[in-house]
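Residue numbers (my numbering), protein chains in the order written: chain P, -2 to 211; chain X, 105 to 191.
C-beta: ideal position from N, C-alpha, C; glycine also.
Take a look at the structure below.
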Amino acid sequence: MTFHSNADDAELIAALKRRDEATFVGLVGRYQGSLLRLALIHTRSRAVADEIVQDTWLAVIQGIDRFEGRSSFKTWLFRILVNRARTRAERENRSLPFSELIQEASEPGEPAVPAERFLGADHPQWALHWAVPPRSWGESPEAKLLASETMEHIGRALERLPPAQRQVIILRDVEGWTAEEVCNVLEISETNQRVLLHRARSRVRAALERYFDA
Amino acid sequence: MPDETTESANLPELTCKELVELVTDYLEGALSAETRKRFDDHLEGCPFCRIYLEQMRQTIGALGQLSDEAISSGMLDVLREHLRRGR
Chain P
-2 MTFHSNADDA ELIAALKRRD EATFVGLVGR YQGSLLRLAL IHTRSRAVAD EIVQDTWLAV
58 IQGIDRFEGR SSFKTWLFRI LVNRARTRAE RENRSLPFSE LIQEASEPGE PAVPAERFLG
118 ADHPQWALHW AVPPRSWGES PEAKLLASET MEHIGRALER LPPAQRQVII LRDVEGWTAE
178 EVCNVLEISE TNQRVLLHRA RSRVRAALER YFDA
Chain X
105 MPDETTESAN LPELTCKELV ELVTDYLEGA LSAETRKRFD DHLEGCPFCR IYLEQMRQTI
165 GALGQLSDEA ISSGMLDVLR EHLRRGR
């Protein structure tokens, strides 16, 4: 096991052990949104998600004196949340057991782009090249992409993803985590992480394409 | 997953269908040097795959802009209380 704890973490943990309120409130501000989004993967109820997040912070307060810095604080914090969310979901028969992530990554997935959008393997010149190519979303599509209606479509596309894909893409692309952090918290291999991320991103792109081309 | 054995001989050109499955590995820097070269070579000659890659980048950019959920202030009060009592 490698030690990821850095100097910032050491200071943070010392402050938490002193029960420094400003540090704690700052932490809540920094991670609350991420914790809540991750909790909402396991339950559809906002109230239940809030409870899971609150329980997580309570566990931090209760457990900080025993925290040894074997992982980064962030990894520790989100593992507490993931474990609580899983336990809770299992109790409510909405389980996403941890093995399901690996199982989902190991199963053959649908292609990133439907096969019918490519020419056949028997095409004399352009075998397996685009038959129905993507159309550009414009030179500077930022305004279009960031419009609130587009954001709603992205949100809905995320909701339709299988849970394992949803967890990975939310942590990587919405929260901006590194691959290593995601692997540590969800306890999956780098390859599984990439497979899930690829399927998720491909689906969200396809949803945006359908929306823009409609 | 690409068949690595096809790479050794004469590096056949990637097809568009293969390329779209390698985009995440490409963006993550997880391709072998050879496959990366085949990817770049294909992109150079294929405007459609350039558009596809651009759309994947734009999708990732848009995902990063999804708005934050608000913190409920009630919860913060409860946590503060626990912090004080935990002392």
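With a contact defined as Cβ atoms closer than 8 Å, R85 of chain P and T40 of chain P qualify at about 7 Å. Our two residues, D62 of chain P and A137 of chain X, have alpha carbons roughly 47 Å apart in a direct line. With contacts defined by Cβ atoms closer than 7 Å, K121 of chain X and F21 of chain P do not form a contacting pair.
The beta carbon of V79 of chain P lies closer than 8 Å to those of L35, V182, L183 in the same chain, with the five residues before and after it left out.
Residue X:H146 holds the alpha-carbon nearest to the alpha-carbon of E117 of chain X among X:H146, X:E185, X:Y156. Between L157 of chain X and L126 of chain X, the alpha-carbon positions lie close to 10 Å from each other.
A residue is called buried once 16 or more other Cβ atoms fall within 10 Å of its Cβ, and A109 of chain P is buried on that count.
Per the Cβ contact rule, the region 150 to 167 of chain P is in contact with the region 177 to 197 of chain P (3 or more Cβ pairs under 8 Å). When the beta-carbon positions are compared, R191 of chain P and T128 of chain X come within less than 7 Å of each other. Distances from the alpha-carbon of V129 of chain P to those of X:I155, X:L183, X:D181 put X:I155 closest. For E18 of chain P, there are no CB contacts under 8 Å within the same chain when 5 residues up- and downstream are skipped. Between S31 of chain P and E146 of chain P, the C-beta gap is not smaller than 7 Å, which leaves the two residues out of contact. Residue pairing by DSSP places W127 of chain P opposite P:F115 in a beta bridge.
Interface flag for F143 of chain X against chain P is unset, since no Cβ pair is found closer than 7 Å. Contacts between L167 of chain X and chain P, judged by CB atoms closer than 9 Å, involve I151, L155, I166, I167, R169, D170, V171, R198, V201 in chain order. Listed in chain order, the alpha helix (DSSP H) runs fully inside the region 65 to 92 of chain P are 70 to 88, counting runs of at least 4 residues. Within the same chain, C120, L123, V124, H146, L147 come within 8 Å of C153 of chain X by CB-CB distance, once the 5 residues on both sides are set aside. Under the DSSP assignment, H146 of chain X falls in the alpha helix (DSSP H) whose first and last residues are 137 to 149. When the beta-carbon positions are compared, L193 of chain P and A102 of chain P come within less than 7 Å of each other. In the displayed model, W54 of chain P falls within a helix according to three-state DSSP.
Approximately 6 Å separates the beta-carbon atoms of I58 of chain P and L187 of chain X; this is inside 8 Å, confirming the contact. In this structure P121 of chain P is exposed. Its beta-carbon is surrounded by fewer than 16 other beta-carbon atoms within 10 angstroms. Neighbourhood of V110 of chain P in chain X, by CB distance below 9 Å: C120, K121, V124, E125, Y156, in chain order. The DSSP-derived three-state label of P121 of chain P is coil. With a threshold of 7 Å between beta carbons, H39 of chain P makes no contact with chain X.
In the structure shown, R163 of chain P falls within a helical segment according to DSSP collapsed to helix, strand and coil.
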